[in-house]
Amino acid sequence: MPEGRNTKVMFITRALERILSEKETKRSHNSQLRKACEVALDEIKNDLKSHGNDVTNTSSTALPLPRNNSVTGTAGSSIEADRYILPFELACQSKSPKIVVTALDCLQKLIAYNHLTGNVPDTTTPGKRLIDRIVETICGCFNGTQTDEGVQLQIIKALLTVITSSTCEVHEGTVLQAVRTDRKSHV
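This is the structure in structure tokens:
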């Protein structure tokens, strides 16, 4: 599996496994998060197995390579990071700072290395793009001055990455929401 695809899988699977390993995830009020993580991991493994890729070797010794600029990529040889947003969205809604930090860190890295663009229609809200939902999810992690400092740092890193990314097109209200959230975290 080419290095760029390998790191995308690595980011997603490691983050999902880390979220699943948290004690807080095992509690009944996080059952939806736990189920979403398990389903996403199963889908990733099945997608990679069906295309003959090795799912056991998902580690990398180099920095991730950016996703190729072609729209289609190599058919069938990669997973689409855009398909696996739900577990990270649910993790960001969790009350556990460790889980939120892990989810925000993974989203930030996927965007930074151009594995996640969000430039597809959002299936949950007609007329919106997925990147708008991702920014809303990131901003939703900020709960005022009582927000954990580690979470605040990850929010700032993720928003900065989204706004400055050359592959994520963020416009209008989404940019305003990101700026407002960043400003609130500094006040």
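Residue numbers (the numbering used here): 2 to 188. Beta carbons are placed, not taken as given, at the ideal position from N, Cα and C, and that holds for glycine.
Residue pairing by DSSP places residue 122 opposite 130 in a beta bridge. In this chain, the alpha helix (DSSP H) harbouring residue 47 covers 32 to 51.
Relative to residue 49, the option among 168, 26, 11, 86 whose CA is nearest is 11. When DSSP states are grouped into helix, strand and coil, residue 143 belongs to the coil group.
Following the DSSP letters along the chain, one finds residue 109 inside the alpha helix (DSSP H) bounded by residues 98 to 113. Residue state for residue 23 is assigned as coil, using DSSP reduced to three classes. Beta-carbon to beta-carbon, residue 83 and residue 136 are separated by about 14 Å, too far to satisfy the 8 Å threshold.
Following the DSSP letters along the chain, one finds residue 87 inside the alpha helix (DSSP H) bounded by residues 87 to 93. Measuring C-alpha to C-alpha distances from residue 101 to each of 9, 119, 176, 17 identifies 17 as the nearest. Taking each of 166, 35, 9, 182 in turn and checking the Cα distance to residue 95, the smallest one comes out for 35. Three or more Cβ pairs closer than 8 Å define a contact, and the region 145 to 154 falls short of that threshold against the region 123 to 132. In terms of CA proximity to residue 93, 140 leads the group 47, 140, 85.
Taking C-beta atoms as the reference points, residue 85 and residue 132 fail to come closer than 8 Å.
In the structure shown, residue 160 adopts helical secondary structure according to DSSP, grouped into three states.
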